[in-house]
Amino acid sequence: MPQIGWFEIIIIVILSIVIIGPKDFPIVLKKIGSWVGYIKGYFSKIQKDMTDMENVVEDEISLEKSNSNQTSDKKKDE
């Protein structure tokens with residue numbers, strides 16, 4: 285995977301300032317930051333939902349195991 289060093293970042297920033305213009309550059313950076321924040325929040329929510337779903341499934345599995353153990357114990361007593 286290619287890595288980006290400080291020199292490449294400086295070149296990208298300079299080219300961005302030249303292409304976009306120094307007046308609009310902070311506005312563009314703010315907009316990109318808000319997009320990145322939105323995307324991070326979206327993926328964080330998905331990850332939380334998946335974790336919650338996994339916990340629910342694990343709880344249901346453990347309940348089924350305990351119920352099956354209780355029914356098998358009752359059958360042994362009879």
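Quick note: the sequence shown uses our numbering, first residue 285, plus one each step. For each residue, glycine too, the CB sits at the ideal point set by N, CA and C.
If you check the CB distance, S300 and F291 do not come in under 8 Å. V312 is a Cβ neighbour of I304, given a cutoff of 8 Å.
If you look at I303, you'll find it in the alpha helix (DSSP H) that goes 290-304.
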